[in-house]
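Peer 1:
2 protein chains.
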Amino acid sequence: MGVGCSSSLPPTVNNPHCSITFPHTSAHTNPTSNHLPINWLARAHLQKPTKSPISKRLFTLDSARKTPTLKCGRTAQMEIEGGSDSKPILDLHSLDDNLVQKMVYDALVWSSLHGLVVGDRNVQRSGTVPGVGMVHAPFALLPTVFPENQWKLACEVAPIFNELVDRVSLDGKFLQESLSRTKKVDAFTSRLLDIHSKMLEINKKEEIRLGLHRSDYMLDEKTKLLLQIELNTISTSFPGLGSVVSELHRSLLKNYGEHLGCDVNCTPSNDAANRFSEALAKAWIEYNNPKAVIMVVVQPEERNMYDQHWLSFNLKERHNVTMIRKTMAEIDKEGEIQPDGTLLVGGHAIAVIYFRAGYAPTDYPSEAEWRARLLMEHSSAIKCPSISYHLTGTKKIQQELAKPNVLEKFIDNKEDIAKLRKCFAGLWSLDDADIVDTAIEKPHLFVMKPQREGGGELTFWINRHPLPLSFVLAFHMLTGLFYCLQGTISMVMM
Amino acid sequence: MGVGCSSSLPPTVNNPHCSITFPHTSAHTNPTSNHLPINWLARAHLQKPTKSPISKRLFTLDSARKTPTLKCGRTAQMEIEGGSDSKPILDLHSLDDNLVQKMVYDALVWSSLHGLVVGDRNVQRSGTVPGVGMVHAPFALLPTVFPENQWKLACEVAPIFNELVDRVSLDGKFLQESLSRTKKVDAFTSRLLDIHSKMLEINKKEEIRLGLHRSDYMLDEKTKLLLQIELNTISTSFPGLGSVVSELHRSLLKNYGEHLGCDVNCTPSNDAANRFSEALAKAWIEYNNPKAVIMVVVQPEERNMYDQHWLSFNLKERHNVTMIRKTMAEIDKEGEIQPDGTLLVGGHAIAVIYFRAGYAPTDYPSEAEWRARLLMEHSSAIKCPSISYHLTGTKKIQQELAKPNVLEKFIDNKEDIAKLRKCFAGLWSLDDADIVDTAIEKPHLFVMKPQREGGGELTFWINRHPLPLSFVLAFHMLTGLFYCLQGTISMVMM
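Note that the protein sequences, when read in sequence, are chains P and X. Numbering-wise (this note's numbering), the first sequence opens with residue 1 and increments by one. Numbering-wise (this note's numbering), the second sequence opens with residue 1 and increments by one.
#1: Between which two residues does the alpha helix (DSSP H) carrying T189/X extend?
#2: Are A329/X and A381/X close, meaning C-beta to C-beta below 8 Å?
#3: Report yes if the CB atom of S269/P is closer than 8 Å to the CB atom of S246/P, and no otherwise.
#4: How many angstroms separate the CA atom of V168/X from the CA atom of V264/X?
#5: Run through DSSP, which three-state label would D416/P get?
#6: Going by DSSP, which residues form a beta bridge with G242/P?
#7: Give the single residue among W310/X, E221/X and E302/X whose Cα lies nearest to the Cα of E278/X.
#8: By the criterion of Cβ-Cβ separation under 9 Å, what are the contact partners of W310/P in chain X?
#9: Would you tell me roughly how many angstroms separate the C-alpha atoms of R356/P and G133/X, rounded to the nearest one?
#10: Which full runs of the beta strand (DSSP E) of 3+ residues lie inside the segment 371-444 of chain P, going along the chain?
#11: Under three-state DSSP, which class holds R125/X?
#12: Find the residues of chain P that neighbour Y105/X, judging by a C-beta separation of less than 8 Å, and give them in chain order.
#13: Starting from the C-beta of H24/X, find all residues in its chain whose C-beta is less than 7 Å away, skip the five residues before and the five after it, and write them out in chain order.
#14: Quick check: the Cα distance between S429/P and I195/P, rounded to an integer number of angstroms?
#15: So for H114/X, helix, strand or coil by DSSP?
#16: Give the secondary structure of V157/X by DSSP, where H, G and I count as helix, E and B as strand, and everything else as coil.
#17: According to DSSP, which residues form a beta bridge with K326/X?
#18: Of all the options S111/P, F313/P and S180/P, which has the alpha carbon lying nearest to the alpha carbon of L252/X?
#19: Taking one C-beta from the segment 344-359 of chain X and one from the segment 160-177 of chain X each time, how about it: are there three or more such pairs within less than 8 Å?
#20: Buried or exposed for S180/P, please, with buried defined as at least 16 other CB atoms from any protein chain shown within 10 angstroms of its CB.
#21: Within 10 angstroms of the Cβ of M323/X, are there 16 or more other Cβ atoms? Answer buried if so, exposed if not.
#22: Can you give me the Cβ contacts of I397/P inside the same chain, cut-off strictly under 8 Å, excluding the 5 residues immediately before and after it?
#23: Whether or not the segment 292-312 of chain X and the segment 108-124 of chain P are in contact is what I'm after, with contact meaning three or more pairs of Cβ atoms, one per stretch, closer than 8 Å; do they touch?
#24: Going along the segment 205-227 of chain X in order, which residues come within less than 7 Å of chain P, judged by CB to CB distance?
#25: Among A281/X, Q338/X and M218/X, which has the Cα closest to the Cα of I353/X?
#26: Pull the bridge partners of V336/X from the DSSP assignment, please.
#27: At a CB-CB cut-off below 9 Å, which residues of chain B make contact with V109/P?
#28: Between which two residues does the alpha helix (DSSP H) holding H319/P run?
#29: Helix or strand or just coil, what does DSSP make of Y359/P?
#30: Grouping DSSP H, G and I as helix and E and B as strand, with all else coil, what is I208/P?
#31: Distance, Cα to Cα, K414/X vs L210/X?
#32: Who are the near neighbours of T479/X in its chain, counting only those whose CB is closer than 7 Å to its CB and skipping five residues on each side?
#33: With distance defined between alpha-carbon atoms, name the residue in G257/P, R373/P and N149/P nearest to V298/P.
#34: Cβ of V117/P less than 8 Å from any chain X Cβ?
#35: If distances are taken between C-alpha atoms only, which option among E301/P, D120/P, W370/P and V296/P comes closest to A351/P?
#36: Buried or exposed for Q150/P, going by 16 or more other Cβ atoms inside 10 Å?
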């Protein structure tokens, strides 16, 4: 039996006009992992071995593969199936400034009362101690117009991508071979591959597999196609705050919808926090040790902790499951594996390991963290993700899967294959000389993406001044170029 | 027809042990108005003239005079009807320190996710801009044991006190005469009395009267009697955060009750935020101008703004009534009265004026604020409170009401009178030489209270060092003397 579930977040952009009217506009969260994507779908996925044919192994928690319905039917906002270019519902510049200011004030109050908060980087302890140095999370004041058919498509392909990740993860040889050249130039991926190799050597089986994934999409301006930018398989952020942002938007539309000419029912609710918790709880049940807990692996400083706390709160409140928080260093210090494979950390048996750290080289400042990762991988705990799921999320694998006849190795259903392929944006590595020439010639048609998770590792040079990636993305957004996507360059340095 | 409603907050003390384990223990809120009382009952009250006899004018919004029930019946915690001395449910010192630390962590997370926050005084804009510089509100980790019968009594007498306030407020001569000596020595009360006189002169009638009151009680250690310390008729704080604290306690008891030996059902829920909003909405409906709004009068800097925002959020969410925020200075600048008596502020017709400022001399730094107060009093808007209700809440009036045969002037029902009188703590002014001698001789038996609202205006001297009132209260609490109350001294300087 396998379990998968999908949940969606309505597409949101940070509207530049609104952002600059907010009292607090600096980025609070770590740009290497937590930048709020333009459009994303959060997806939960749990696989367990079964005797049933692989093509029928996916069991939905509730409504996976069933596209959520909108109460509004096809209104003006959602009807723009071929004509939308992901603009906010309304052009705020055309609105009365007093009205916008009122909405901003109400939104700030609402955020404070409903836990839409992050740690303020100006307050020293805000990344380590909850309840101090809080500031509203950065948010878009209103949701973005998004074509209903593309949104439904994103919901529809979510469980197919889950299935794809699971099947690719089971093909150790494919992973090792596809990443063999990356291994030579990327020390971090190389160490992940070493752990993967060790697991292959001892024939370690992950009998229960849990994925909490997030696909990031952009809508192509010219073709109006939904193009997948990346599929995150580790530390997918914002299921918690993303759900709350949707509620904020619904609250604002309820109160101001009449002035804006928008119907609150056109904004789909976002159940990601509950669905993620549900999937974690389901994994905990499958592990079948009532005394065990779920462990979330965290960075020593985490200003986006409340996004994670929403999950732990939901887990306790709705499923009576306890979640503990440990850093990689703490796991190295306190962790041990019992003869039956049970991972003990600080005396707690661990049923599920939920990674919200461990995706970037900076998460492994010493050998202690690598020891911890290996220890966890050796244990019988359900890893979210396992080393195989983690590697499956790399851009290089994404690129491999986009090659002709590769998807067919992993997915049987032709229709499913066609749906996935339709979402693939062009994806090239930098060793393709022709495409590099084209990119230099027409830079506005390309976006450069790092090989690893989290972004923010690229440095762009403009007029000899280095600019961090997040700035470049913002720059693109302000100039409107961010939506002119036709392909991505996978920056695999080989 | 008159409307009154009562709501209750379970008694809570700041347990010194827990408080000092919190990351943020400094007082965040203005001690002159917002110190969290040890035990309090929040009460809402709306009066409207009717032809029915005065003794039957009180109409309950829903469950006033009906004591809330507890699901636990009479458990060990609630049974201590004669033996409690308001201790926390458990002595935290006897608990495992890890357990306490876990509860503290969970409580801090819960507070952050559920809007139990205040502005941090270390962040400059935290008192003016919502969503920035937030920190968890100071709270007691667990509720306090409190005798069920006394709690029920407090709920029972709440509407009787409401009725008393209303009737006293209608007796302008009684108010003026009782406060005539205070007027000579207290410039602030003197100016309030001037406004009151002007209203009497023009025979101004408040046809719809709204009171949002809070009675603060202590349990006398020796007699086990519930003694009223003061009755607040203006700017009663913490209906919003108080309700959230109760939910926090219920959440902690739900998760840790088994370890603590406590049943969550023994903690009554606190509906003060909803009840206050309900009463404000009811007043808005009675005013009968669908375009009018409710105006909350605020201080220019208010770090306890989220307590107020909970009410405005509830008003909008549950009653679709808009609340705007204005300072006294803004009201002076933007306010005007139309020929029909309607108060316009910034173009908004005002149905209800809800004071969360205006109770202390510091709220009137210039003549502008006094002009604003007079303007509001002249208008047809429903004032919460009117100048009469405000004056009725002074200690001097409380003291007058405690004299023999005074209650009888205002309340007909003998049983009601007996119930109120049972709650009166001894109350003396400083012109009673005998009682002053007794207080000097046995200082631990007395608490000194200022004449006006908000506290914090007294300065105590210990070893020649001045100590603010809040420190003295904390000092008493730590030494246990805070509960040895036998009487209060009303510090009316005459």
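Backbone N, C-alpha and C fix where the C-beta goes; we use that ideal spot for every residue, glycine too.
Peer 2: With the structure as the only source:
#1: To locate residue 189/X, count along the second sequence from 1; it is residue 189. Here the alpha helix (DSSP H) through T189/X covers A187 to E201.
#2: For this step, residue 329/X is matched to residue 329 along the second sequence. For this step, residue 381/X is matched to residue 381 along the second sequence. No, the pair does not count as a contact, with Cβ atoms beyond the cut-off.
#3: On the first sequence, residue 269/P is found 269 positions in, with the first residue counted as 1. On the first sequence, residue 246/P is found 246 positions in, with the first residue counted as 1. Yes, the pair counts as a contact, with Cβ atoms nearer than the cut-off.
#4: Translated into the one-based positions of the second sequence, residue 168/X becomes position 168. Translated into the one-based positions of the second sequence, residue 264/X becomes position 264. Taking the straight line joining both Cα atoms gives about 40 Å.
#5: Taking the first sequence and counting its residues from 1, one reaches residue 416/P at position 416. The answer is helix: DSSP assigns D416/P an H, G or I state.
#6: In the first sequence, residue 242/P corresponds to position 242, counting from 1. Answer is none; G242/P lacks a bridge partner.
#7: As a first step, residue 278/X must be located in the second sequence, where it is residue number 278. Considering only alpha carbons, the answer is W310/X.
#8: In the first sequence, residue 310/P corresponds to position 310, counting from 1. The contacting residues are L113.
#9: On the first sequence, residue 356/P is found 356 positions in, with the first residue counted as 1. On the second sequence, residue 133/X is found 133 positions in, with the first residue counted as 1. Taking the straight line joining both Cα atoms gives about 26 Å.
#10: 382-384 and 426-429
#11: Along the second sequence, read from residue 1 onward, the residue named residue 125/X stands at position 125. In the structure shown, R125/X sits in a helix (DSSP, three-state: H, G or I).
#12: Counting from 1 along the second sequence, the entry for residue 105/X is found at position 105. What Y105/X touches in chain P: P130.
#13: As a working note, residue 24/X is residue 24 in the second sequence. With a pLDDT of 42 at H24/X, under the threshold of 50, the modelled position of this residue cannot be trusted; read the value that follows with caution. So the list reads V135 and H136, once near-sequence residues are dropped.
#14: Here the question's residue 429/P lines up with position 429 in the first sequence. Here the question's residue 195/P lines up with position 195 in the first sequence. The alpha-carbon atoms of S429/P and I195/P are separated by roughly 25 Å.
#15: To locate residue 114/X, count along the second sequence from 1; it is residue 114. It is coil, neither helix nor strand.
#16: Here residue 157/X corresponds to residue number 157 of the second sequence, with the count starting at 1. Helix.
#17: On the second sequence, position 326 is the one that residue 326/X refers to. DSSP, once it has assigned bridges, lists V297/X as partnering K326/X.
#18: As a first step, residue 252/X must be located in the second sequence, where it is residue number 252. Ranking the options by Cα distance to L252/X, first place goes to F313/P.
#19: no
#20: Looking up residue 180/P in the first sequence gives position 180. When all chains shown are included, S180/P counts as exposed.
#21: Position 323 of the second sequence, counted from the first residue, corresponds to residue 323/X. So M323/X ends up on the buried side.
#22: The residue given as residue 397/P occupies position 397 in the first sequence. Within the same chain, I397/P has close Cβ partners V168, L175, S178, L179 and L391.
#23: yes
#24: none
#25: By one-based count along the second sequence, residue 353/X stands at place 353. Out of A281/X, Q338/X and M218/X, A281/X has the C-alpha closest to the C-alpha of I353/X.
#26: Residue mapping note: residue 336/X aligns to position 336 of the second sequence, counting from 1. A small fix is needed here, since residue 336/X is Glu in this sequence, not Val. DSSP, once it has assigned bridges, lists L344/X as partnering E336/X.
#27: Absence of chain B from the displayed structure is noted, the protein chains being P and X.
#28: Counted from its first residue, the first sequence places residue 319/P at position 319. From DSSP, the alpha helix (DSSP H) with H319/P extends over M305 to H319.
#29: As a first step, residue 359/P must be located in the first sequence, where it is residue number 359. Correct three-state label for Y359/P: coil.
#30: Taking the first sequence and counting its residues from 1, the one referred to as residue 208/P is at position 208. Reduced to three states, the DSSP call for I208/P is coil.
#31: Residue numbering aside, residue 414/X sits at position 414 when the second sequence is read from its first letter. Residue numbering aside, residue 210/X sits at position 210 when the second sequence is read from its first letter. Roughly 25 Å between the two C-alpha positions.
#32: Residue mapping note: residue 479/X aligns to position 479 of the second sequence, counting from 1. Its pLDDT being 26, under 50, T479/X is placed unreliably in this model, and the value from its coordinates should be taken loosely. Within the same chain, T479/X has no close Cβ partners at all.
#33: Start at 1 with the first residue of the first sequence, and residue 298/P comes out as number 298. Nearest option by C-alpha distance: R373/P.
#34: Locating residue 117/P in the first sequence gives position 117, where the first residue counts as 1. It does: the Cβ of V117/P has a partner Cβ on chain X nearer than 8 Å.
#35: By 1-based counting over the first sequence, the position of residue 351/P is 351. When each option's Cα is compared against that of A351/P, the closest is V296/P.
#36: Sequence index remark: in the first sequence, residue 150/P carries index 150 (1-based). Classification of Q150/P: buried, given that the 10 Å Cβ count is 16 or more.
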